[in-house]
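Peer 1:
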Amino acid sequence: MNEHAVRKDRDVPASSFGELRIVTSSALQNLTLPQASNTLLGFELPIEVRLYQQMMLIRLVEERLLDLFSQGLLFGTTHTSIGQEANAVGVVNALDRDRDIIWSNHRCHGHFIAYSGEVEGLFAEIMGRVTGICGGRGGSQHLCFRNFHSNGIQGGIAPVAVGSALARKDEGAVAVVFLGDGTMGEGAVYESLNLAAIFGAPVLFVIEDNEIAQTTPKNLTVSGSIVARAEPFGIRTFAYDGNDPVEICELAQEAVSYVRAESRPCWLYLRTERIGPHSKGDDTRPALRLEQARARDPIPPMRRRVANFEEIDDFCRSVVDRAVESAAAAAMARG
Amino acid sequence: MRVVESINRALHDLMEANLRLVILGEDIIDPYGGAFKVTKGLSSAYQDRVWTTPISEGSIVGMAAGLALKGRPAIVELMFGDFIALAADQIINHAAKFRWMYNDQVEVPIIIRAPMGGRRGYGPTHSQSLEKHFCGVPGLTVLATHEYADPGALLHRAFASRSPHLIIENKVMYSRPVLGAAALPCPPDADIVILTYGGCVEHAVAAANKLAEEEEIATAVVAVEQLSPFPGEDILSQVGNCSRVIAVEEGSPGWGFASECARALIGRVKHFSALAGPDHPIPSSREWEDDLLPGVNAIQAACIDLFTRG
Chain H
1 MNEHAVRKDR DVPASSFGEL RIVTSSALQN LTLPQASNTL LGFELPIEVR
51 LYQQMMLIRL VEERLLDLFS QGLLFGTTHT SIGQEANAVG VVNALDRDRD
101 IIWSNHRCHG HFIAYSGEVE GLFAEIMGRV TGICGGRGGS QHLCFRNFHS
151 NGIQGGIAPV AVGSALARKD EGAVAVVFLG DGTMGEGAVY ESLNLAAIFG
201 APVLFVIEDN EIAQTTPKNL TVSGSIVARA EPFGIRTFAY DGNDPVEICE
251 LAQEAVSYVR AESRPCWLYL RTERIGPHSK GDDTRPALRL EQARARDPIP
301 PMRRRVANFE EIDDFCRSVV DRAVESAAAA AMARG
Chain F
1 MRVVESINRA LHDLMEANLR LVILGEDIID PYGGAFKVTK GLSSAYQDRV
51 WTTPISEGSI VGMAAGLALK GRPAIVELMF GDFIALAADQ IINHAAKFRW
101 MYNDQVEVPI IIRAPMGGRR GYGPTHSQSL EKHFCGVPGL TVLATHEYAD
151 PGALLHRAFA SRSPHLIIEN KVMYSRPVLG AAALPCPPDA DIVILTYGGC
201 VEHAVAAANK LAEEEEIATA VVAVEQLSPF PGEDILSQVG NCSRVIAVEE
251 GSPGWGFASE CARALIGRVK HFSALAGPDH PIPSSREWED DLLPGVNAIQ
301 AACIDLFTRG
């Protein structure tokens with residue numbers, strides 16, 4: 001690793017997030033918003049509060065998804081990112097939502113919510129409703145909204161992200177692709193690193209290392225160092241281990257600025273913890289390991305930094321309630 | 001004009017008319033101009049939009065899909081069609097799926113050109129006709145070039161549709177002259193119709209001409225350009241009232257072109273037979289390879305057999 005830098009000595013100015021589009025959601029109608037906040041993603045809020053609100057929104061959305069599953073109200077599968085929300089909000093808030101591109105994987109809800117705020121569209125999609133973000137065609141892991149895309153094939157999105165970055169390079173856009181420790185087994189990742197370096201693609205590879213691939217621990221699937229993987233391709237690397245959304249956002253901003261300015265790829269390694277199961281009720285980790293994972297939950301430390309967290313929690317809860325209610329009222333997609 | 005020149009001309013025209021179009025593939029830049037010289041001159045004329053790539057067939061196709069999805073149409077050359085197996089995931093689970101899966105919010109204008117077929121002595125991994133494995137993939141159109149149509153026009157048609165296309169080119173055919181549809185045997189009230197595509201068309205035409213001269217069996221050749229989605233109605237109308245049909249393909253037998261032809265013709269023809277390549281890999285030995293792939297003599301014999309059945 002040639003970088004392991006987290007700067008704590010500077011604030012992130014709101015203006016550096018570019019011209020943020022205000023995302024409207026019908027789930028917002030008739031809701032009383034917390035004071036000083038008038039968007040779902042809290043664009044006007046100080047960075048800490050904004051990131052907390054987004055993390056809480058993701059957490060409550062995914063807890064509700066698991067709840068709906070256990071009630072038999074959902075079908076198929078879903079992969080929650082409970083415990084990994086700091087990565088989603090940290091990285092996505094370092095982007096310019098108007099032009100940057102996101103490619104995400106099977107565990108994409110957090111990235112999607114942080115980018116779009118489309119809570120109702122996500123619920124409706126997973127519930128197979130016509131009002132879903134992809135009309136009920138994609139479901140949990142195949143989402144598309146403006147420049148956000150996800151797909152359920154491990155590693156396959158990496159070369160697509162390289163191509164999309166090259167397509168929009170002239171506009172100064174950056175493409176981000178989210179990968180995990182489990183994806184390190186896919187050859188497409190390494191082909192993509194080579195292609196991105198050779199063609200000068202402005203791609204930020206974000207590796208969320210939660211140390212487990214479905215049920216198989218990292219020591220059985222990954223040889224060598226994930227952090228060191230991109231350097232032999234001549235790709236600059238940043239690494240972080242801390243689960244603090246503000247620090248992640250600062251580091252991601254530095255990485256994104258480099259990618260945009262130099263039109264070069266970058267490898268951003270984030271050590272994280274998956275607190276929930278791979279999908280539903282399939283967590284085979286021993287109790288002690290789960291306890292270690294829960295000890296790194298990014299939400300409790302933020303509650304000590306956000307004075308009105310209860311107000312925000314209530315707000316997010318009511319957004320989720322409305323979204324589920326509204327999605328459930330829509331017609332099932334039948335083609 | 002030879003087939004290779006027709007395709008090369010079309011690529012030049014498309015590059016000139018579409019300033020965002022990118023061509024990518026292995027060894028495609030000048031002075032080499034591609035393993036079969038199809039991209040000759042393009043990198044000299046459009047230096048910044050013709051990209052020679054590492055040997056990464058899967059990711060080249062993935063990169064092309066990403067380019068296309070975000071506004072830069074792309075044409076990918078696979079050096080040998082055999083290498084398409086490496087790109088199967090990108091074609092099936094990415095490029096061909098994106099538009100429908102994302103509820104028609106995106107389009108993916110990419111063309112993958114794949115030189116297929118044997119009769120050059122290249123052996124088991126450089127002589128195959130693997131197109132059937134990509135036929136029936138929703139969201140992907142599979143076309144096959146032949147010299148009795150306009151190969152360049154086929155490329156233009158694929159580009160204009162702005163959706164994922166796989167174009168099968170035959171590596172022997174590249175050096176053949178473009179003959180046009182008028183050169184296809186099309187006798188009225190044909191005794192037999194040969195349905196075929198790609199590199200087999202040449203052999204089917206030669207067989208049909210011999211059958212007319214030597215056996216007085218009037219044989220028509222229908223050269224199919226679109227393999228998938230299969231144009232069943234069109235084939236039905238071209239077969240017309242003829243009661244004997246034979247399907248000829250170079251790939252391995254079963255689950256392929258002949259099966260689709262038979263499906264389209266169920267209950268419509270009295271006698272149907274099929275000729276295909278071997279059910280084992282293609283040998284390197286030139287003579288052995290020729291014995292195995294459907295050639296003039298084999299097609300002629302199969303037609304006579306079909307004719308004598310009634």
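Sequence lines, in order, name chains H and F. Position one of the first sequence corresponds to residue 1 (the UniProt record's numbering), numbered consecutively onward. Position one of the second sequence corresponds to residue 1 (the UniProt record's numbering), numbered consecutively onward. C-beta atoms are modelled at their ideal positions from N, C-alpha and C, and glycine is treated no differently. Since we're looking at a predicted model, the values are computed, not measured.
1) Is DSSP giving G187(H) helix, strand or coil here?
2) Check whether the Cβ atoms of S228(F) and G136(F) sit closer than 8 Å, and answer yes or no.
3) For a contact defined as C-beta to C-beta under 7 Å, what are the partners of V106(F) on chain H?
4) Starting from Y151(F) and walking both ways along the alpha helix (DSSP H), at which residues does that stretch end?
5) Specify the secondary structure class of Q141(H) as computed by DSSP and reduced to three states.
6) Excluding sequence positions up to five away, which residues of its chain have a Cβ less than 7 Å from the Cβ of G136(H)?
7) Does the contact criterion of 3 or more C-beta pairs under 8 Å hold for the segment 45-60 of chain H versus the segment 304-311 of chain H?
8) Can you find a C-beta in chain F that's less than 8 Å from the C-beta of I101(H)?
9) Any Cβ of chain F within less than 8 Å of the Cβ of residue 356(H)?
10) Among H111(H), T284(H), C144(H), which one has its Cα closest to the Cα of I207(H)?
11) Which residues, in order along the segment 125-142 of chain F, keep a beta-carbon less than 8 Å from a beta-carbon of chain H?
12) Check the Cβ of I198(H) against every Cβ in chain A and list those closer than 7 Å, keeping chain order.
13) If contact is defined by three or more beta carbon pairs under 8 Å, each pair taking one atom from either stretch, is the segment 140-153 of chain F in contact with the segment 225-239 of chain F?
14) If you draw a straight line from the C-alpha of K171(F) to the C-alpha of E250(F), how long is it?
15) Give me the Cα-Cα distance between V245(F) and A17(F), rounded to the nearest whole angstrom.
16) Tell me the residue span of the beta strand (DSSP E) that contains I304(F).
17) One question on the structure: do E289(F) and G121(F) come within less than 8 Å of each other, judged by their Cβ atoms?
18) Could you name the residues that DSSP lists as bridge partners for M116(F)?
19) For E208(H), which beta-bridge partners are listed by DSSP?
20) So what's H165(F) in DSSP terms, helix, strand or just coil?
21) Around the C-beta of K40(F), are 16 or more other C-beta atoms found within 10 angstroms, so that it is buried, or is it exposed?
22) Under a Cβ-count criterion, where at least 16 other Cβ atoms within 10 Å of its own Cβ denotes burial, should T196(F) be classed as buried or exposed?
23) Alpha carbon to alpha carbon, how far is G42(H) from G117(H)?
24) Checking contacts by CB at 8 Å: is L95(H) closer than that to chain F?
25) In or out: F75(H) buried (at least 16 other Cβ within 10 Å) or exposed?
26) In chain order, what residues of the same chain lie with their CB nearer than 7 Å to the CB of L42(F), ignoring the 5 residues before and after it?
27) Assign H280(F) to buried or exposed, taking buried as 16 or more other Cβ atoms, counted over all protein chains shown, within 10 Å of its Cβ.
28) Identify each residue in the segment 255-285 of chain H for which the Cβ-Cβ distance to at least one residue of chain F is less than 9 Å, and report them in chain order.
29) In this structure, what does DSSP give as the bridge partners for residue 418(H)?
Peer 2: So, from the data block:
1) Working through the first sequence from its first residue, we reach residue 187(H) at position 187. Correct three-state label for G187(H): helix.
2) Mapped onto the second sequence, residue 228(F) falls at position 228. Mapped onto the second sequence, residue 136(F) falls at position 136. At a Cβ-Cβ threshold of 8 Å, S228(F) and G136(F) count as neighbours.
3) For the purposes of this step, residue 106(F) is taken as the residue at position 106 of the second sequence. Simply C144.
4) Taking the first residue of the second sequence as 1, we reach residue 151(F) at position 151. The amino acid occupying residue 151(F) in the given sequence is Pro; Tyr does not appear at that position. Where P151(F) is concerned, the enclosing alpha helix (DSSP H) starts and stops at 151-160.
5) Along the first sequence, read from residue 1 onward, the residue named residue 141(H) stands at position 141. Here Q141(H) sits in coil by DSSP.
6) What you label residue 136(H) is simply residue 136 of the first sequence in a count that begins at 1. Correct list, in chain order: E125, G128, R129, V130, A333.
7) By the Cβ rule, the segment 45-60 of chain H counts as touching the segment 304-311 of chain H, because three or more pairs are nearer than 8 Å.
8) Within the first sequence, the letter at position 101 stands for residue 101(H). At least one C-beta of chain F is nearer than 8 Å to the C-beta of I101(H).
9) The shown model of chain H, from 1 to 335, leaves out residue 356(H), and the question about it has no answer.
10) On the first sequence, position 207 is the one that residue 207(H) refers to. Measuring C-alpha to C-alpha distances from I207(H) to each of H111(H), T284(H), C144(H) identifies H111(H) as the nearest.
11) Answer set for the segment 125-142 of chain F: empty.
12) No chain A is part of this structure, whose protein chains are labelled H and F.
13) In short, these stretches touch, since the Cβ pair count reaches three.
14) As a position in the second sequence, residue 171(F) is number 171, starting the count at 1. As a position in the second sequence, residue 250(F) is number 250, starting the count at 1. Taking the Cα positions, K171(F) is about 13 Å away from E250(F).
15) Here residue 245(F) refers to the residue found at position 245 when the second sequence is read from its first residue. Here residue 17(F) refers to the residue found at position 17 when the second sequence is read from its first residue. Distance between the alpha carbons of V245(F) and A17(F): 42 Å.
16) Here residue 304(F) corresponds to residue number 304 of the second sequence, with the count starting at 1. It is not in any beta strand (DSSP E) - I304(F) instead sits in the alpha helix (DSSP H) that spans 296-308.
17) Residue numbering aside, residue 289(F) sits at position 289 when the second sequence is read from its first letter. Residue numbering aside, residue 121(F) sits at position 121 when the second sequence is read from its first letter. Contact flag set, yes.
18) Residue numbering aside, residue 116(F) sits at position 116 when the second sequence is read from its first letter. Looking at the DSSP assignment, M116(F) forms a beta bridge with N170(F).
19) For the purposes of this step, residue 208(H) is identified with residue 208 of the first sequence, where counting begins at 1. E208(H) is bridged to G180(H), L270(H).
20) Residue numbering aside, residue 165(F) sits at position 165 when the second sequence is read from its first letter. Here DSSP, grouped into helix, strand and coil, assigns H165(F) to strand.
21) Residue mapping note: residue 40(F) aligns to position 40 of the second sequence, counting from 1. Label assigned to K40(F): buried.
22) As a working note, residue 196(F) is residue 196 in the second sequence. By the C-beta density criterion, T196(F) is buried, having at least 16 other C-beta atoms within 10 angstroms.
23) In the first sequence, the residue the question calls residue 42(H) occupies position 42. In the first sequence, the residue the question calls residue 117(H) occupies position 117. Computed Cα separation, rounded: 10 Å.
24) Reading the first sequence from its first residue, position 95 is the one you call residue 95(H). It does not; no Cβ of chain F falls within 8 Å.
25) Looking up residue 75(H) in the first sequence gives position 75. Exposed.
26) The residue given as residue 42(F) occupies position 42 in the second sequence. Result list for L42(F): L11, H12, M15, I23, V50, in chain order.
27) The count along the second sequence starts at 1 and reaches residue 280(F) at position 280. In this structure H280(F) is exposed. Its beta-carbon is surrounded by fewer than 16 other beta-carbon atoms within 10 angstroms.
28) Within the segment 255-285 of chain H, no residue has a Cβ that lies closer than 9 Å to any Cβ of chain F.
29) Given a span of 1 to 335 for chain H in the structure shown, any question on residue 418(H) remains unanswerable.
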